[in-house]
Each structure stands twice: as C-alpha cells, then as structure tokens.
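Chains as they are written, first to last, in our numbering: chain B, 1 to 401; chain Y, 1 to 212. The beta-carbon is built from N, C-alpha and C at its ideal position, and this holds for glycine as well. These figures come from a predicted structure and were not determined experimentally.
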C-alpha cells in the first residue's frame, strides 16, 4: 500500500513537473500529501468527496487522486466477456451461450417442451449469481449485463426464446430501476414472438425500505432461495399460475440483511466505490455499494449477527417449532472462517427461540466483486417451500439433491 | 435559417461522445456518492457505441430518423443499465418526431429535443422533483420550446435549454431521491447532485455547442 502511494505520487509529481513547472508541481505535491495523510487516517465524511484546487496551476484533479485497486484482469472493458469465455470453458456440460448472443447463457439440460421457462439475470460482478444458478432444476437461462448494470433487452429476449417451452416464461430478477426497464422492454418484445412472460421481482433486502413498502425493496442474496424454489416449481412441470404463485411466495418468505466492511471497485475505474473508515462497518449496504441504514464502529461477529437477526426475525415472526433455511453469504472477500463464525451465532439464536434449521448454505452465493462483508438470509419454510428447496438441481456452480 | 442534415446530427453525437468521455470520472464520482459509481462508465460506453455505429452509416443515404434509431439501438445494446433504456427511448422518440424530414429546421430540432425529454420521462416514469435526469431534461425542453415560440434562434433556444438544465441539475442537490437506486438513501441523498441530471447538462451542453 505504502509503496504504491509513493510510486503513484512520484509519477504524478514527475509528469506535473514537466508540464507545469517546479513551483506548481511542488504545491500540488503538498496538497496531495495532505490528502493522502487525511485519507490514511480517517475519511472526514463518507458522503463528501473533497476536491482540492491547486492555487498555482488550477489543477482540480489532485483531490481525486487515488491509488488504483489491484485486480487480475487484462482490460477493464473486456472483463465480462473474458469471464464468460472462461465460464463456458469450465462448464461445457452445463452451459452454452445462445447462437449469436454471447451474453445469453443457456442451460444445456433445462428448457423443454411444456415446462415453464425461468429466465434470471442482472449485472455482472455478483458471481455465482446469476449464471451459476443456470442448470437443470433451477434457471433455464441468464441474461448477463455489464458490471453492476442491467443487461439490455436483446440478450434477455434471446434467453426468453431459448427458455420457452410453450408454457410461459418467468422473468425473475432483483428489484432495480435499470433491470425493470430492460426486462420490461424484453417482455414486450417477447410478446410479439408469442411468448407469454410474467415477472416476479425479488425484494428480500429488509434494510432497503420499510416493512410496509416491501415492493420498494431490492433483491440481494435471498435471490438464491427464491430462484431455487421457482426453478424447482418449473422443473416439476407445474402450471404457469402455480410457478408464479410459488415464486411470489418464496420471495415473501425470504429476508436478507447485509453488512459491508470495505468497498469494491469496478474493473473500469479500479477505484473504491465508497469510502469507509478503517474501523467502520455499514449495516444494510446494498450489493452495489448502495449506502445502507446505519454506519458505526466495527463490532464483533456475534454483535453483527445479532443486529441482522433482530431485524430479520422481527419481520419474519417465526413461531416456536417453525423451520427455516439459512444462507450466510460472503460479499466477496470475507472468508469462510468468518462466515462460519457468523453461522454459529445464527444457529444459537434460532435454537434459543425454538426455530429449527432445515438446511444451511455458507459461502459465496451473491457477491459484490471484492467487497468485504456478509449477509444473512433466512427463508421461512412451509411444506411446499421445503419441497422446492430439496428438489434436485444441477447447475454450473451449485448442486442440490 | 438553420438547417441540420444527417451529417449535422452525426457531428452532434460525436460532440456528445467527446464531452461525456471527458466528464466520465466526475460522473462516476457523483454516482459513487449516492449510487454505484458507474454512471460515467455507462454514459461513455453508450455514446462511444453511438459514435462507432454512426461512423459506419452512409450519411448521404440516411435520413435523420434512421440515424436517430441507429443511435438508440447502439446505445441500448452497449449499456443496458438505467441510462440505456432512457436514452434509447429519447432517441427513438426524437426519431419519430422528425420522421420523413431530410433536413431539420430550428423548430424541427426543438420538437425533436422535446420528444427526447418526454421519452425519458415516459420510460422512467419520474416526475420533476424526484432527483433524476428528468429534473434537467424537462425544464430544458420547456425552456427551449418557450424560446423557440418567442422567435429566438436555435442557438438562443439551446442556450436557454442549457441554462434551465443547469438550474435543474443544481436543484437536485436539495431533493430527496424518489426514483432509482439512490431512492433507498432517503434523506442521505440530500446535498448531492443527481449524476443523471449532471450528465444531462453535459449532453445538452454538447448539443448546444455543436448546433448553436
């Protein structure tokens, strides 16, 4: 870290020296050094990005100078396509791309006549969400967007065509403005091809809007449970109405809460997408770095887990003897060790209130590039949802049954 | 008398691409404060794709409507996201507004400009005051129409549009976001310019500079 700062500052100083002369370079250097000092100790405010103007050369860029994050990439603009090439190479038994539409990833053994098709999708950077859940028994296809950006309508339409078995196609994705517009345009285009599309949005993030505005909440890691249940319903050849009903019920029964410890950075910018102090955490932060509901000092695993569970259990209101499924998910760089420490607390808390755990998944299920942090998701089970979760599936990055 | 042909429109899109590319980092930074820090990337990607798509057109054989539809399709497919459908709809509505015309008089361009703003509002379903690009685009379109109706030149009308867009973008600082990703922030969005409104000012500024 230190070495990088010095080399980037030196390069800046050197280039400035050539262009603007010694005096300007020196003044800029001083401001830059002060900025780095401030940034290294504590960011004064997460919502203010200080921009400092050098009085000698009028340079306003210095306040923004930041060391770029380290990534193993070739070209920031090619990351999604190169990732897809690697994924198709790794999972040829499970996945293929639609003819002429490389951003439409289709299950080799999924779509079939008479089955309701399930198309999921959204921005890249959340792997294994979305395309890792494409396969027999789960989603038939996933439309892949740029990093953190909805796919445009064309690849979504190609997914709908590939997934269609003349029994209707379900579109399922997280509730974000961009995804809504693009998937809705694709649904209109699919209607012109006589494909009947219905949409079920995921809204499991309890931190993203109050309880009485569930329709405004965003979809996060709970996608995993919700897609799984819907995919099972489709695979069991249930009717379009039934598949839609189960998908909605799965969403209504799923609650997620996340915490972020450090930012991620987009491959095109390689700059942290938000600022957070070295001793801070943010409860409720979204999977694209959208600010959450509260920022505070970093607490212990038990305290963090309690804070999340308090909110989730308050809404879910399980009775003694009820069953849940648990997902403890890493946002990217938080290791399994910490996730299992959190899961230990989840289990104890559920034991305390007499709620039994039917199944637990721990790991990277819905990430936010290299963000540090985690989320806890509970799905409140009944017989039907439990059957759907237990239903076998065979996807590129996930298997059950 | 103003007369804008297909080549003029292509020059305009090229100017927008240059302006957005130069503004990319600032837009990402604005978005990083209240969103997910990618707005500048999406806009640069979109207008870069438009520039490339228009470069392969035979301008002599292309009417303004076809050029605008090409712009819409290339922007949409390169971007997705929110700005993809919003700007693609803007260009398609603009295309429809000047259908059948080989060259555009000043009033034609104002009609196109208004159709763009209306398309953005219809697609995103945002109202004034919800802290979105609509807060820049709608006042800009209205100001341009008022100036045009008062007999101003296209250059004067677009200057009025740019000033209105700037005021609108500035006003988003005092708004609580009600649409899009930043709406989840509630009052924490106060005090920050909406990145979509900021990029609208850049786009409109480039249009004015190119055609004014």
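Rounded to whole angstroms, what is the Cα-Cα separation between residue i and residue j?
i              : j              : result
residue 230(B) : residue 159(Y) : 53 Å
residue 257(B) : residue 221(B) : 9 Å
residue 166(Y) : residue 110(Y) : 18 Å
residue 50(Y)  : residue 398(B) : 39 Å
residue 203(B) : residue 138(Y) : 31 Å
residue 306(B) : residue 317(B) : 15 Å
residue 8(B)   : residue 278(B) : Its pLDDT being 47, under 50, residue 8(B) is placed unreliably by the model, and nothing is read from it.
residue 393(B) : residue 172(B) : 18 Å
residue 185(B) : residue 341(B) : 44 Å
residue 329(B) : residue 335(B) : 10 Å
residue 140(Y) : residue 120(Y) : 13 Å
residue 74(Y)  : residue 255(B) : 38 Å
residue 219(Y) : residue 196(B) : One cannot answer for residue 219(Y) here, as it falls past the ends of chain Y, which runs 1 to 212.
residue 43(B)  : residue 11(Y)  : Any answer about residue 43(B) is weak, because its pLDDT of 32 lies below 50 and its placement is not dependable; what the coordinates show is given next. Looking at the two C-alpha atoms, the distance is approximately 43 Å.
residue 232(B) : residue 372(B) : 31 Å
residue 93(Y)  : residue 333(B) : 44 Å
residue 123(Y) : residue 282(B) : 33 Å
residue 17(Y)  : residue 204(Y) : 12 Å
Within 10 angstroms of the Cβ of residue i, are there 16 or more other Cβ atoms? Answer buried if so, exposed if not.
i              : result
residue 300(B) : exposed
residue 178(B) : buried
residue 48(B)  : Its pLDDT being 33, under 50, residue 48(B) is placed unreliably in this model, and the coordinates cannot settle the point.
residue 188(Y) : buried
residue 125(Y) : exposed
residue 241(B) : exposed
residue 289(B) : buried
residue 179(Y) : buried
residue 354(B) : exposed
residue 383(B) : exposed
residue 154(B) : buried
residue 84(Y)  : buried
residue 364(B) : buried
residue 3(Y)   : exposed
residue 92(B)  : exposed
residue 23(Y)  : buried
residue 127(Y) : exposed
residue 70(B)  : exposed
Check for me: the alpha helix (DSSP H) holding residue i runs from which residue to which?
i              : result
residue 28(Y)  : 6-34
residue 159(Y) : 154-171
residue 387(B) : 383-390
residue 371(B) : Element bounds for residue 371(B): n/a, residue is neither H nor E.
residue 231(B) : 223-235
residue 311(B) : 301-316
residue 192(B) : 177-192
residue 43(Y)  : 39-55
residue 207(Y) : 195-211
residue 155(B) : 153-163
Between which two residues does the beta strand (DSSP E) containing residue i stretch?
i              : result
residue 323(B) : 323-330
residue 297(B) : 294-297
residue 254(B) : 254-262
Which residue wins for smallest C-alpha separation from residue i, given the options the options?
i              : options                           : result
residue 126(B) : 195(B), 338(B), 259(B) and 264(B) : 264(B)
residue 85(B)  : 75(B), 76(B) and 96(B)            : 96(B)
residue 193(B) : 215(B), 206(B), 169(B) and 69(B)  : 169(B)
residue 320(B) : 285(B), 366(B), 380(B) and 304(B) : 380(B)
residue 385(B) : 245(B), 344(B) and 98(B)          : 245(B)
residue 163(B) : 376(B), 308(B), 106(B) and 360(B) : 106(B)
residue 322(B) : 332(B), 129(B), 293(B) and 356(B) : 356(B)
residue 302(B) : 390(B), 291(B) and 376(B)         : 376(B)
residue 134(B) : 374(B), 260(B), 190(B) and 227(B) : 227(B)
residue 114(B) : 374(B), 239(B) and 81(B)          : 239(B)
DSSP has residue i in a bridge; who is on the other side?
i              : result
residue 395(B) : 135(B)
residue 380(B) : 324(B)
residue 130(B) : In the DSSP output, where bridge partners are listed per residue, residue 130(B) has none listed.
residue 118(B) : 170(B)
residue 198(B) : 170(B)
residue 357(B) : 324(B)
residue 282(B) : 260(B) and 295(B)
residue 83(Y)  : DSSP, once it has assigned bridges, lists no residue as partnering residue 83(Y).
residue 104(Y) : 4(Y)
residue 147(B) : 124(B)
residue 105(B) : 97(B) and 142(B)
residue 363(B) : 329(B)
residue 272(B) : 265(B)
residue 375(B) : 258(B) and 329(B)
residue 400(B) : 393(B)
residue 205(B) : 256(B)
Mind checking whether the beta-carbon of residue i lies closer than 7 Å to any heavy atom of the ligand MG?
i             : result
residue 82(Y) : With respect to small molecules bound, the structure shown includes none, and the ligand MG cannot be examined in it.
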